[in-house]
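Below: the structure, in structure tokens.
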Amino acid sequence: METMAARPIPAHVPPDMIGNFSLFSSPGLEPTPNGDPQAASAVVHDGPRIFYSPVNTRDGKGTWVITRAQDQRRVLQDPETFSSHRSIFASALGESWQMIPLELDPPEHGKFRSLLNPLLSPKRVMALETAVRERASVLIDRIAAAGTSCDVMTDFAFPFAVNIFLRFLGLSDDRLDEFVGWANDLLHGDNVKRPAAARTIVAFIDELSADRRRQPVDDFMSFLVQSRIDDRPLTDMEIRGTGVLLFIAGLDTVAAAIGFDLNYLARHQADQQWLRDDPKRIVLAAEELLRAYPTVQMIRVATRDVDFEGAPIRKGDYVSCATMIANRDPLEFADPARIDLAREDNRHTAFAYGPHRCLGSHLARREIVVGLEEWLKRIPTFRIKSGTAPVTYGGHVFGIENLILDWSQEDAA
Amino acid sequence: MKIIVHREKCQGHARCWAMAPDIFELDDEGYIMPGDIDVPEEQERLAWMGAKSCPERALDIQK
Ligand code: HEM
């Protein structure tokens, strides 16, 4: 069904605009022990502002790559020319519904955003803070009681992010491991596991919405099945598309962010100490870490032929706006390779530019800040456990695995 | 000092509000209220930082 075999490069792409770079397979972007995939993607800044990458999606398609933050803003703020209308998830199942709001364009997109925005607005997120903090402290207390080392991703980052998220959806924790497994298969599985996981998630969301329709409770799916747009209830496909997206969007993005942040702090003791000295610094530091370690590549489809800074983009071409590339643009950020936890002028694009700005950005920020605060409060000076090596990977959503941290006295010697 | 609000460009990042909640007010969806903002002198620095924090460049500063 999918292969990484390159498709023929379209004839309209000038040979001198083809770049030898892929977010999936360039050096440091395939799974790499002790890797730094965001830094590895910054090599594109030695090249032109736009080029064509022949293999730059999960299913081996080519994309134009926009390297400058300013140009990414132009693309992402112009959904009429650069559309989000795809069916990535459904097409893997041979279906054609959209994930909502991700794969809709304005003006349809705005109707759903208006419906969903209040649920995750900055003010609403303030009300969730207590629950978020409590969850973080329980998990970290357990880790601290169990020993002087842990696997951050499986023991903290995933259970933390997924729990907050299930709570938002109105689901209990009982099936947390199962959900994490689905998400893992979906995001990182092979040709067999991915569609199977997709099918499982769709069936689960369909069943949940049917349940809530029969018997509404105070949760997200009940809200959705009772909502109206343009004076009509949502269709079954719209409910599915929204439920599925909300289910997967917050699962591993927050976990990956926490992983990359703790990986950084484990390797930079002075910065770790600087945050410990005054935890109020974490709010600003989290922004710098979001700039330096963002995880998402956005893809748009050209709706018409357009010449973009010398590149002949043709209708149907894919255009990639990788947040990790824009966030290390030297024209946008002074000394972008330097990680400065006190950086102020920091208008990064970890949560996108344009109308698709991450719906969960306010919640995600809170989770990251609270997660780091509670971690630093409870865990003494930590480092990468000697003899272990976390594995990082690039791709559509960047990640880190096997992040074993250690805070024992012996290991410090 | 005045902040010119290009509301059609606002995408609800709420960075301005995070910087200065009393100057930049949000609606229930978390997007900036329409209308330009007159800034009292003692709040100019904060307002300036808030305007400069917008990832979409939706806030202009008019002296
Ligand atoms: C650090 C964690 C996160 C990062 C880096 C992140 C990043 C992003 C990015 C870059 C987009 C734009 C995608 C595109 O336009 O193609 C996006 C969209 C979205 N995110 Fe997040 N996200 C995070 C956490 C979350 C959470 C926790 C939730 C849910 C509560 C969430 C829900 C969504 C939704 C629903 C969209 C689609 C918005 C739309 O199309 O209008 N995200 N996210």
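Protein chains in written order, with the numbering used here: chain A, 5 to 417; chain B, 891 to 953. Heads up, the beta-carbon is just placed ideally off N, CA and C, and yes, glycines get one too.
Is it buried or exposed for residue i, if we count other Cβ within 10 angstroms and need 16 for buried?
i         : result
Gln76(A)  : buried
Ala131(A) : exposed
Lys389(A) : buried
Gly920(B) : buried
Arg203(A) : exposed
His400(A) : buried
Met8(A)   : Here the model assigns Met8(A) a pLDDT of 49, short of 50, so the residue's position is not dependable and the matter cannot be decided.
His272(A) : exposed
Thr396(A) : buried
Asp20(A)  : exposed
Asp256(A) : buried
Asn195(A) : exposed
Ile317(A) : buried
Asp410(A) : buried
Ordered along the chain, which non-local residues of its own chain (more than five positions away) have a Cβ less than 7 Å from that of residue i?
i         : result
Leu376(A) : Asp265, Ile286, Ala290
Glu931(B) : none
Gly193(A) : Ala201
Phe355(A) : Arg361, Cys362, Ser365
Ile209(A) : Arg244, Gly247, Val248, Phe251
Phe93(A)  : Met103, Ala202, Val248
Tyr357(A) : Gln76, Arg77, Leu80, Gln81
Glu405(A) : Met157, Pro394, Val395
Arg53(A)  : Thr71, Arg72, Asp75, Glu313
Leu143(A) : Phe160, Pro163, Phe164
Arg128(A) : Pro122
Output the distance between the C-alpha atoms of residue i and residue j, rounded to the nearest integer angstrom.
i         : j         : result
Met5(A)   : Ala201(A) : Its pLDDT being 34, under 50, Met5(A) is placed unreliably by the model, and nothing is read from it.
Thr152(A) : Asp928(B) : 54 Å
Ala253(A) : Lys65(A)  : 23 Å
Asp339(A) : Phe227(A) : 46 Å
Cys900(B) : Glu946(B) : 7 Å
His16(A)  : Glu915(B) : 48 Å
Gln219(A) : Thr71(A)  : 49 Å
Ala904(B) : Pro199(A) : 37 Å
Cys906(B) : Val374(A) : 21 Å
Asp189(A) : Arg232(A) : 33 Å
Ser213(A) : Leu191(A) : 23 Å
Pro924(B) : Asp912(B) : 15 Å
Val206(A) : Ala73(A)  : 35 Å
Asn331(A) : Gly51(A)  : 16 Å
Tyr56(A)  : Thr67(A)  : 6 Å
Starting from the C-beta of residue i, find all residues in its chain whose C-beta is less than 6 Å away, skip the five residues before and the five after it, and write them out in chain order.
i         : result
Leu180(A) : Val166
Val258(A) : Ala165, Ala368, Glu371
Ala948(B) : His896, Lys899, Cys900
Arg351(A) : none
Met328(A) : Gln42, Ser45, Pro298
Arg117(A) : Pro105
Leu407(A) : Val156, Met157, Gly263, Asn267, Pro394
Ser29(A)  : none
Lys418(A) : In the structure as shown, chain A begins at 5 and stops at 417. Residue 418(A) is therefore absent and cannot be evaluated.
Met225(A) : Leu212, Ser213, Arg216
Asp950(B) : Ile894
So if DSSP puts residue i in a beta bridge, which residue, or which two residues, is it bridged to?
i         : result
Trp68(A)  : Tyr56(A), Val323(A)
Tyr397(A) : Gly403(A)
Thr353(A) : Bridge partners of Thr353(A): none, in fact.
Ala315(A) : Phe312(A)
Met302(A) : Cys325(A)
Ile408(A) : Asp155(A)
From the options, pick the residue whose C-alpha is nearest to that of residue i; which is it?
i         : options                                    : result
Arg171(A) : Arg318(A), Asp223(A), Pro340(A), Ala140(A) : Asp223(A)
Ser91(A)  : Val248(A), Arg72(A), Lys381(A), Ser324(A)  : Val248(A)
Gly23(A)  : Pro35(A), Val69(A), Gly39(A)               : Val69(A)
Pro126(A) : Arg382(A), Gly364(A), Glu378(A), Ala315(A) : Gly364(A)
Glu138(A) : Pro163(A), Val156(A), Phe386(A), Pro394(A) : Pro163(A)
Ala43(A)  : Ala326(A), Leu409(A), Lys115(A)            : Ala326(A)
Ile156(A) : Ala393(A), Gln413(A), Lys115(A)            : The question names Ile, but residue 156(A) in the sequence shown is Val. The candidate whose alpha carbon is nearest that of Val156(A) is Ala393(A).
Asp109(A) : Ala135(A), Gln413(A), Ala94(A), Glu84(A)   : Glu84(A)
Glu107(A) : Lys284(A), Trp411(A), Glu242(A)            : Glu242(A)
Arg387(A) : Pro359(A), Thr353(A), Phe86(A), Ala274(A)  : Ala274(A)
Gly320(A) : Trp411(A), Arg308(A), Met302(A), Pro58(A)  : Arg308(A)
Lys953(B) : Ala910(B), Asp918(B), Arg935(B)            : Arg935(B)
Ser88(A)  : Ile54(A), Pro58(A), Gln301(A)              : Gln301(A)
Pro359(A) : Asp159(A), Trp411(A), Phe86(A)             : Phe86(A)
Ser95(A)  : Pro237(A), Asp63(A), Pro111(A)             : Asp63(A)
Which same chain residues end up closer than 8 Å to residue i when comparing Cβ atoms and leaving out the 5 residues on each side of it in sequence?
i         : result
Leu293(A) : Ala261, Phe264, Asp265, Tyr268, Ile343, Leu345, Ile372
Glu348(A) : Leu288
Leu279(A) : Leu269, Arg285, Ile286, Ala289, Leu345, Leu376, Leu380
Gln276(A) : Leu269, Ala270, Leu380, Thr385, Phe386
Asp311(A) : Ile317
Asn121(A) : Leu363
Ala417(A) : Its pLDDT being 48, under 50, Ala417(A) is placed unreliably by the model, and nothing is read from it.
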